[in-house]
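Numbering (the numbering used here), first residue to last: -16 to 172.
Structure, as structure tokens:
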Amino acid sequence: MTPDHNNPNRPLEDEPLRHHTYDGIQEYDRRLPNWWLLTFYGSIIFAVGYYACYEWWKALPDQAAVVKKEMARIEAIKLASVSSLSDDNLWAMSNNAQFVAAGKATFLANCASCHKPDLTGNIGPSLVDNVWIHGPQPMQMYATINNGVAAKGMPTWGPVLGTKKITEAAAFILSHHKPNATTKAAEPR
Ligand code: HEC
-16 MTPDHNNPNR
-6 PLEDEPLRHH
4 TYDGIQEYDR
14 RLPNWWLLTF
24 YGSIIFAVGY
34 YACYEWWKAL
44 PDQAAVVKKE
54 MARIEAIKLA
64 SVSSLSDDNL
74 WAMSNNAQFV
84 AAGKATFLAN
94 CASCHKPDLT
104 GNIGPSLVDN
114 VWIHGPQPMQ
124 MYATINNGVA
134 AKGMPTWGPV
144 LGTKKITEAA
154 AFILSHHKPN
164 ATTKAAEPR
């Protein structure tokens, strides 16, 4: 009777011996079981598919970006818990992707009508040049947004937006600037 090579329980002695001998050890030429082969070929197919999705089609999230986003989220929680605002922590917020994104949304909804979506200014002055009517320091900007300049047409945002949104909007404006940049006081209008 010819040995049934697909029967995993067949006796070893039915297998042909391979020709090589290492240190006096010989191998039976036994067919690998189907579960083993399936796992092996399956892992090759998975590897190729995974590589293509990750490297070529970018269909999977980039690991470095995931880490960066998560770090920004943790940093934002730390920054949001500061009890009193200062120039320094407003600058820190302006480097935080999450704060800046929230501030951008507030800015586009409430401020862009006068300052333009790209902040270059229209009814209100440009917020991207380094010329400031009310001072270049973060807390000075915060105060202008919070209190407004009624006589000049800048609304009072404190009661409308609250501290958190004003902080975020200020962080968004500051994200277009660098601390210690050379600034200029605007000519009186
Ligand atoms: C109705 C138009 C209008 C809207 C809306 C508006 N602003 Fe203004 N903003 C102005 C005007 C006008 C000034 C200039 C005030 C002055 O001349 O003293 C100004 C000034 C500013 C300044 C000070 C600029 C400087 O040079 O010192 C900041 C900062 C500012 N706005 C931020 C904001 C933010 C943030 C929002 C949204 C929450 C906003 N503005 C919404 C009209 C507007």
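Glycine included, C-beta positions come from ideal geometry on N, C-alpha and C.
- Proximity of the region 68 to 80 to the region 111 to 123 meets the contact definition, three or more beta-carbon pairs being nearer than 8 Å.
- Cα atoms of PRO(-6) and LEU21: separation of roughly 23 Å, rounded to the nearest angstrom.
- For the ligand HEC, a non-hydrogen atom lies closer than 7 Å to the CB of HIS117.
- DSSP places TRP115 within a strand segment (E or B) once states are collapsed to three.
- Counted as a single uninterrupted DSSP element, the alpha helix (DSSP H) harbouring ALA84 occupies residues 80 to 93.
- With contacts defined by Cβ atoms closer than 8 Å, LEU102 and HIS159 form a contacting pair.
- Each of ASN(-10), THR146, GLY32, TYR11 was checked against the Cα of TRP18, and the nearest Cα belongs to ASN(-10).
- DSSP, read as helix, strand or coil, puts LYS148 in helix.
- Check the Cα spacing between PRO(-1) and each of ASP6, VAL132, ARG14: the tightest is with ARG14.
- The way I'd put it, the region 139 to 159 does touch the region 84 to 98; three or more beta-carbon pairs between them come closer than 8 Å.
- According to the DSSP assignment, ASP101 belongs to no alpha helix (DSSP H), since it is labelled neither H nor E.
- Distance from the CA of ASP112 to the CA of PRO162, rounded to the nearest whole angstrom, comes to 14 Å.
- Under the three-state reduction of DSSP output, LEU0 falls in the strand class.
- Beta-bridge analysis with DSSP links ILE8 to TYR5.
- Sequence-distant Cβ neighbours of LYS167 in its own chain, meaning closer than 7 Å and more than five residues away, are ASN113, VAL114.
- In the three-state reduction of the DSSP assignment, VAL132 falls in the strand class.
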